[in-house]
Amino acid sequence: MTRRAAIIGTGSYLPERIVSNDELAHTVATSDDWIVERTGIRARHIAADDEMTSDLATIAARRALEAAGIAPEAVGLIVLATTTPDKTFPATAVQVQANLGIGDCVAFDVQAVCSGFLYALSVADAMLCRDPDLVALVIGAETFTRLLDWDDRSTCVLFGDGAGAVVLRSKSDGSGILATRLHADGQHRDLLHVDGGPSSTGTVGKVRMKGREVYRHAVVNLAAVLEEIALAVGVRVEDFDWIVPHQANLRILEGTAKKLGLRPERIVVTVEQQANTSAASVPLALDQAVRDGRVKPGDLVALEAMGGGLTWGAAAILW
375 MTRRAAIIGT
385 GSYLPERIVS
395 NDELAHTVAT
405 SDDWIVERTG
415 IRARHIAADD
425 EMTSDLATIA
435 ARRALEAAGI
445 APEAVGLIVL
455 ATTTPDKTFP
465 ATAVQVQANL
475 GIGDCVAFDV
485 QAVCSGFLYA
495 LSVADAMLCR
505 DPDLVALVIG
515 AETFTRLLDW
525 DDRSTCVLFG
535 DGAGAVVLRS
545 KSDGSGILAT
555 RLHADGQHRD
565 LLHVDGGPSS
575 TGTVGKVRMK
585 GREVYRHAVV
595 NLAAVLEEIA
605 LAVGVRVEDF
615 DWIVPHQANL
625 RILEGTAKKL
635 GLRPERIVVT
645 VEQQANTSAA
655 SVPLALDQAV
665 RDGRVKPGDL
675 VALEAMGGGL
685 TWGAAAILW
């Protein structure tokens, strides 16, 4: 039987500090009603001052390894998706490698903003196809709140911090990643971006977004890529047992579901209490659905995301 890269363990981590909409309203010109009506978000987690992206990623990775029953030293590949690295270089993945006590292995970061985890998963999947003995850690981790302009209520209310991770290894029992599809369209890069960078301003910059345009592209692109991934594996979108989407905004999730005629109860939603955690949101939601028993062996699962770039993608997985 064909060997496939399969997810054998999931893990996640959310910082201890939880900031509700009401608390945010004390410092930003907003209200709980305004945020909930437009986004569905009620709270978000914010990393402590001494917590870096690598710290969040390391905890999520440890939990994924424990769930998989895999010792850290068995890992031969770490692909970490993040928009908020600890440093410009080296890659945050090598800091996680050091934190986990892993010796010589392949470790690097992937940057595709909110689509980053899907990009990282696709890269790891391809590498496992070439080396079936490889054990891989794929992580999405962000301290995204450090990119926010807290005077801009149109963006600062949307985001939170967190990390999620999965362990991959090759299996021949029919389970695993059936297909991935990735896209990017740089002509829309200014719809969602950060206005800084090492080679432009020499600063980190802050998040800037044209919300209406992003919403319109998100609903169209996410619906299209779900149909594309379903076609790739020979099913209909409604045949997926679970859709695990990027948790950007509840209205985007609802709009995509309506466009495709999807049952809301088959969509994993965490945005209400976690907000948009960028590259971390898909693995965070996946870990929650695995640990609470919703995602079970034999289930057909679709992951999907869209982020700045614009980038978007999806993966079909037989659990």
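Position one of the sequence shown corresponds to residue 375 (our numbering), numbered consecutively onward. Don't be surprised by glycine CBs; every beta carbon is placed ideally from N, CA and C.
For Arg436, the closest C-alpha among the options Thr401, Glu612, Asn650, Ala537 is that of Ala537. For Met501, the three-state secondary structure derived from DSSP is helix.
In this structure, DSSP gives Gly414 a state outside helix and strand, which the three-state scheme calls coil.
Counting every other CB atom within 10 Å of its CB across the protein chains shown gives Gln561 a total below 16, marking it as exposed. The C-alpha of Ser652 lies about 7 Å from the C-alpha of Phe518. When beta bridges are read from the DSSP output, Arg543 appears opposite Ala380, Val509. Under DSSP, Thr577 takes part in a beta bridge, and its partners are Gly571. DSSP places Leu677 outside any alpha helix (DSSP H); the residue lies instead in the beta strand (DSSP E), whose first and last residues are 674-681. Just so you know, the alpha carbons of Arg416 and Glu646 end up roughly 5 Å apart.
Positions of the beta strand (DSSP E) runs, each at least 3 residues long and wholly inside the segment 404-456, are given as 417-420, 451-455 in order along the chain. Between Ser428 and Ala515, the CB-CB gap stays under 9 Å. Scanning Ser549, Ala654, Leu522 for the CA closest to the CA of Pro671 turns up Ser549.
Take the alpha-carbon of Leu634 and the one of Ala604: they are about 12 Å apart. Counting C-beta pairs closer than 8 Å gives fewer than three between the segment 449-462 and the segment 551-559, which falls short of the contact rule. In the same chain as Leu596, and ignoring 5 residues on each side of it, the C-beta atoms closer than 6 Å to its own belong to Thr630, Glu678, Met680, in chain order. Gly571 sits exposed, since fewer than 16 C-beta atoms from the chains shown fall within 10 Å of its C-beta. Comparing alpha carbon positions, the residue from Ala690, Leu684, Ala431 closest to Leu566 is Leu684. The segment 381-388 and the segment 431-447 touch, with no fewer than 3 CB-CB distances between them shorter than 8 Å. For Val618, the enclosing beta strand (DSSP E) covers residues 616-619. One Cα belongs to Val594, the other to Val487, and the distance between them is close to 18 Å. Selection Tyr493, Leu552, Arg582 evaluated against Asp526 yields Arg582 as nearest (Cα-Cα). Every alpha helix (DSSP H) of 4 residues or more that sits fully in the segment 595-669 is shown, in chain order, as 624-634, 645-648, 655-665. Rounded to whole angstroms, the separation of the alpha carbons of Ala379 and Val509 is 9 Å.
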